[in-house]
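So the structure is just underneath, and the comments pick up after that.
In our numbering, the protein residues as written are 12 to 423.
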């Protein structure tokens, strides 16, 4: 048997992990500090799927600024699946669809940047994206260099067509590729939670999906016959994973998916959806058509009080404290000793709340925060009404409509 030298073995190991278009690198890990609060922005998929073009993006960017959404904190515009042609070019490069984007992707990115906004794109860890466009498997470093050359700011990275691929390794490879390319890009892992990314993704990603796709309903499951998979109502997603809040925090967020606010639910359900995403410290990525957005939808998405709960610098995900007669009480520790409290009516009927603070002390088992209302009196602000609501010295009483919420801030 011919003796194989150590340098040759090392060379084989180095090149065995990379496909066409990659280069060997020692770089590892994400760009730290890009998402110290949950990212806020807009993604094209929920409303438009692959029916996207540069006119839509420019109009969305214009409205994001003119409507006050940018001022409220929404700054990412992310193009989801369908932005490229069905084949790579002769050199293996991704090709932005010239029919959808006749001015070119670089010019579109520059337009979005000129509005003071940030730009994101989508791809997939598999051989093809979920909609059948070229995936990134084997092209990670080549694609990362392409994204850096476009000067994008955000990459959503999906998990379709990944037979035979290990999720931690696939996402680590793409994370390293982005780091090697040199441009700070928020890395959004969209692995659906199947391989528990909260347990391993913190060193490589800024956020990770914890579920399959969302659907614009309160608590339903929408089954897709083609492909045999389901989309989920927002409350099903909110309660889909247990005991993962301890993994979420600044620059490493549990992502409960893009929002369906403004996509056909009732106003109460939209309010509840938004409140829950704020309580859960989920990224706030709108998924509606801004060009048809009602004043009510805009008011929900730009509610400063709720956004402050989501963007609180402590970065702790809320949790369910109690359930009584179909009314759930969710709590979220905030900075400066404050708390956000949400009363959520899960039922089909209106409910009355009579909440005795003294009988319901809060103990956060994951992060150690506590509130003993028999010892400390908090002031109360109703965040949807933007009004003072007394103190915790007295019971909190209120009426809550079906599928609606009351969200309070308790502060000293």
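Where a beta carbon is used, it is the ideal one built from N, C-alpha and C, also for glycine.
Option in the options with minimal Cα separation from residue i
i, options, result
"residue 223", "204, 231, 239", "204"
"residue 91", "373, 181, 60", "60"
"residue 351", "306, 364, 335, 328", "328"
"residue 185", "174, 199, 175, 362", "199"
"residue 41", "268, 374, 187, 297", "187"
"residue 282", "149, 296, 416", "416"
"residue 297", "244, 46, 56", "56"
"residue 102", "150, 208, 408", "150"
"residue 270", "278, 262, 288, 277", "288"
"residue 164", "306, 338, 365, 86", "86"
"residue 423", "348, 340, 277, 250", "348"
"residue 147", "104, 44, 112, 421", "104"
"residue 376", "113, 321, 342, 263", "342"
"residue 81", "320, 315, 421, 366", "315"
"residue 420", "177, 249, 397", "397"
"residue 210", "234, 235, 257, 239", "257"
"residue 140", "160, 168, 128", "168"
"residue 319", "143, 248, 63, 418", "418"
"residue 8", "333, 178, 386, 407", "In the structure displayed, the chain extends from 12 to 423; residue 8 sits before or after that span and is not available."
"residue 395", "272, 286, 412", "286"
"residue 118", "250, 68, 176", "68"
"residue 280", "244, 254, 380, 208", "244"
Opposing strand residues paired with residue i [DSSP bridges]
i, result
"residue 366", "407"
"residue 351", "343, 420"
"residue 145", "139"
"residue 107", "95"
"residue 39", "According to DSSP, residue 39 bridges with nothing at all."
"residue 128", "Residue 128 pairs with nothing; no bridge assigned."
"residue 243", "225, 232"
"residue 199", "167, 218"
"residue 397", "According to DSSP, residue 397 bridges with nothing at all."
"residue 53", "88, 297"
"residue 237", "In DSSP, residue 237 forms no bridge with anything."
"residue 391", "421"
"residue 356", "338"
"residue 134", "168"
"residue 180", "Note: residue 180 sits in no beta bridge, so no partner."
"residue 373", "382"
"residue 58", "The partner list for residue 58 (beta bridge, DSSP) is empty, contrary to what the question assumes."
Beta-carbon proximity list for residue i, same chain, < 6 Å, skipping 5 on both sides
i, result
"residue 403", "368, 384, 388, 389"
"residue 405", "none"
"residue 400", "391, 393"
"residue 156", "192"
"residue 123", "72, 88, 130"
"residue 181", "136"
"residue 278", "307"
"residue 337", "357, 358"
"residue 260", "326"
"residue 322", "48"
"residue 39", "187"
CB-CB length for residue i against residue j, believed under 8 Å
i, j, result
"residue 425", "residue 136", "Since the first residue shown for the chain is 12 and the last is 423, residue 425 is missing from the structure and cannot be characterised."
"residue 274", "residue 227", "4 Å"
"residue 162", "residue 120", "6 Å"
"residue 293", "residue 324", "That pair is no contact at about 16 Å."
"residue 265", "residue 221", "5 Å"
"residue 246", "residue 230", "4 Å"
"residue 116", "residue 84", "25 Å between Cβ atoms; not a contact."
"residue 353", "residue 290", "5 Å"
"residue 295", "residue 49", "6 Å"
"residue 225", "residue 241", "Not quite, the Cβ-Cβ distance comes to about 11 Å (not below 8 Å), so this is no contact."
"residue 46", "residue 217", "4 Å"
"residue 414", "residue 356", "6 Å"
"residue 111", "residue 65", "7 Å"
"residue 365", "residue 333", "Between residue 333 and residue 365 the Cβ distance is about 13 Å, and since that is not below 8 Å, they are no contact."
Same chain only: Cβ atoms within 8 Å of residue i, ignoring 5 sequence neighbours per side
i, result
"residue 78", "301, 304, 309, 313"
"residue 158", "132, 166, 189, 192, 194, 196"
"residue 98", "106, 145"
Beta-carbon proximity list for residue i, same chain, < 7 Å, skipping 5 on both sides
i, result
"residue 410", "361, 363"
"residue 382", "350, 372, 373"
"residue 37", "Note on residue 37: pLDDT 41, under 50, position unreliable in the model; the coordinate value appears next. Excluding sequence neighbours, residue 37 sits near nothing in its chain."
"residue 248", "222, 225, 267, 268"
"residue 54", "89, 91, 269, 296, 298"
"residue 114", "65"
"residue 234", "241"
"residue 378", "327, 344"
"residue 96", "106, 108"
Cβ-heavy atom distance, residue i to the ligand GTP, below 8 Å
i, result
"residue 413", "Ligands are entirely absent from the displayed structure, and the ligand GTP is therefore not among its contents."
Residue-level contact to chain C via CB, residue i, 9 Å cutoff
i, result
"residue 136", "Given the protein chain composition of this structure (a single chain), no chain C is represented."
Quiz item: What are the uninterrupted segments assigned as alpha helix (DSSP H) that are 4 or more residues long and contained completely in the segment 294–339, given in chain order?
Solution: DSSP runs (the alpha helix (DSSP H)) wholly in the segment 294–339: 306–312, 315–321.
Quiz item: What residue ranges within the segment 250–301 form continuous alpha helix (DSSP H) runs of no fewer than 4 residues, ordered along the chain?
Solution: Complete alpha helix (DSSP H) runs here, min 4: 278–290.
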